[in-house]
Amino acid sequence: MTGDNAKVALVSGATRGIGLGIAEMLARQRYALTITARDAARLDTVAADLRAAGAADIVSVAADMAATEGVERVLAQHADRFGAMSALILNAGVGTAGALAESSMRRFDKTLAVNLRAPLRLIQGALPMLRAGAAAAPARGAKVIALSSITGVYAEAGLSVYGAAKAALISLIATLNAEESANGVTATTIAPGYVDTEMSAWIHDRIPPERMLAVDDVVGMVDALLRLSSRAVVPNIVMSRAGTDGYRA
Ligand SMILES: NC(=O)c1ccc[n+]([C@@H]2O[C@H](COP(=O)([O-])OP(=O)(O)OC[C@H]3O[C@@H](n4cnc5c(N)ncnc54)[C@H](OP(=O)(O)O)[C@@H]3O)[C@@H](O)[C@H]2O)c1
2 MTGDNAKVAL VSGATRGIGL GIAEMLARQR YALTITARDA ARLDTVAADL RAAGAADIVS
62 VAADMAATEG VERVLAQHAD RFGAMSALIL NAGVGTAGAL AESSMRRFDK TLAVNLRAPL
122 RLIQGALPML RAGAAAAPAR GAKVIALSSI TGVYAEAGLS VYGAAKAALI SLIATLNAEE
182 SANGVTATTI APGYVDTEMS AWIHDRIPPE RMLAVDDVVG MVDALLRLSS RAVVPNIVMS
242 RAGTDGYRA
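Here my numbering is used: the first residue of the sequence shown is 2, the next is one more, and so on.
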């Protein structure tokens with residue numbers, strides 16, 4: 002159990018890409034962290050690195066966010082070890098490309114499970130800890146930050162199911178602010194265009210990595226959001242790529 006004013010975060014999808022960048026930033030700020038992803042071996046390596054980077058404590062839970070059991074286990078292990086939460090980072094997500102006409106229902110179910118169902122359940126399960134975290138640090142409050150996508154704001158051909166799930170996530174976070182910001186729990190979706198990670202490697206033939214957002218651009222935005230007082234609500238931030246019209250992934 003950590004002290005009342007300790008900074009404690011849960012980061013989903015913390016082993017690569019944006020989630021790893023966020024976890025590293027939080028470790029440097031001496032947060033205690035619960036990290037989760039499916040690959041247990043990779044989680045162990047990342048946990049050791051985060052400890053070395055300064056994390057006050059680490060719980061790592063190998064779990065599939067597509068499975069109800071996995072989501073519940075992450076929540077239970079975080080509650081057991083820390084019993085408090087100052088930041089919930091909803092980052093784990095799967096990419097799904099393909100025309101709407103050809104979208105398979107199997108892919109739809111998987112995308113919705115990881116990108117929308119798991120975030121909803123993580124928010125529900127974490128809310129008592131977030132409210133307690135906000136009550137213990139009223140000026141800072143507690144924050145939820147969710148990785149949406151620019152395709153959740155501006156629809157794009159070929160990204161229908163992914164964009165629909167990310168749009169729903171923006172709506173969910175807006176409702177969370179309406180219901181919980183008076184309790185000191187505020188939430189933001191970040192909606193970036195392509196970010197240079199493994200997830201976006203499939204489109205390198207059309208968009209080279211140097212024309213994508215950098216992981217650090219998103220990490221810097223998360224850092225800034227976490228520094229806001231509990232009086233500020235920032236519902237959604239669109240981050241578009243330089244050189245585009247601002248509406249394309
Ligand atoms: N990269 C982009 O261009 C981009 C743009 C806009 C928004 N986003 C969003 O930003 C977030 C992070 O993306 P990223 O590019 O950093 O992705 P990434 O490089 O593919 O990393 C995804 C992370 O999530 C974990 N993960 C994936 N599926 C999971 C599952 N079913 N259960 C539990 N963990 C799972 C992965 O670990 P395991 O594989 O071991 O589970 C990994 O740690 C996602 O929500 C994505 O939709 C990305």
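Positions of the beta carbon are idealized from the N, C-alpha and C atoms, including for glycine.
beta-carbon residue i near ligand 1 non-hydrogen atom, thresh 8 Å
{"i": "residue 245", "result": "no"}
{"i": "residue 92", "result": "yes"}
{"i": "residue 211", "result": "no"}
{"i": "residue 39", "result": "yes"}
{"i": "residue 71", "result": "yes"}
{"i": "residue 16", "result": "yes"}
{"i": "residue 150", "result": "yes"}
{"i": "residue 19", "result": "yes"}
{"i": "residue 116", "result": "yes"}
{"i": "residue 103", "result": "no"}
{"i": "residue 195", "result": "yes"}
{"i": "residue 67", "result": "yes"}
{"i": "residue 25", "result": "no"}
{"i": "residue 241", "result": "no"}
{"i": "residue 198", "result": "yes"}
{"i": "residue 96", "result": "yes"}
Same chain only: Cβ atoms within 7 Å of residue i, ignoring 5 sequence neighbours per side
{"i": "residue 239", "result": "151, 154, 192"}
{"i": "residue 199", "result": "17, 18"}
{"i": "residue 59", "result": "34, 36, 48, 51, 52"}
{"i": "residue 245", "result": "194"}
{"i": "residue 201", "result": "195, 213"}
{"i": "residue 23", "result": "12, 90, 92, 220, 223"}
{"i": "residue 94", "result": "14, 115, 116, 148"}
Own chain residues within Cβ distance below 6 Å of residue i, not counting five before or after
{"i": "residue 303", "result": "The structure shown has nothing for residue 303, since the chain only spans 2 to 250."}
{"i": "residue 9", "result": "3, 33, 83, 85, 86, 87"}
{"i": "residue 211", "result": "none"}
{"i": "residue 61", "result": "36, 44, 48"}
{"i": "residue 64", "result": "37, 71, 74, 75"}
{"i": "residue 5", "result": "At residue 5, the pLDDT of 45 sits below 50, so the modelled position is not reliable; the number obtained from the coordinates is stated separately. Hits under 6 Å: 137."}
Cβ-based neighbour list, residue i, same chain, cut-off 8 Å, excluding 5 preceding and 5 following
{"i": "residue 128", "result": "181, 186"}
{"i": "residue 222", "result": "191, 238, 240"}
Inter-residue CB distance, residue i and residue j (contact presumed, cutoff 8 Å)
{"i": "residue 135", "j": "residue 143", "result": "4 Å"}
{"i": "residue 38", "j": "residue 14", "result": "6 Å"}
{"i": "residue 184", "j": "residue 236", "result": "So it is not a contact: roughly 16 Å between Cβ atoms."}
Is the stretch 121–128 close to the stretch 97–105, with three or more CB pairs under 8 Å? no
Check whether the stretch 94–103 and the stretch 72–85 touch, using three or more Cβ-Cβ pairs below 8 Å as the test. no
Quick check for students: name the residue ranges of the beta strand (DSSP E) that lie wholly in the stretch 69–137, counting only runs of 3 or more. 88–91
Please determine if the stretch 24–33 and the stretch 54–61 are in contact, where contact requires at least 3 C-beta pairs separated by less than 8 Å. yes
For the pair the stretch 136–145 and the stretch 162–171, tell me if three or more CB-CB distances fall below 8 Å. no
For the stretch 132–203, list the beta strand (DSSP E) runs that are entirely contained and at least 3 residues long, ordered along the chain. 143–148, 186–193
At which residue ranges does the stretch 5–74 contain complete alpha helix (DSSP H) runs of 4 or more residues, listed in the order of the chain? 18–29, 41–54
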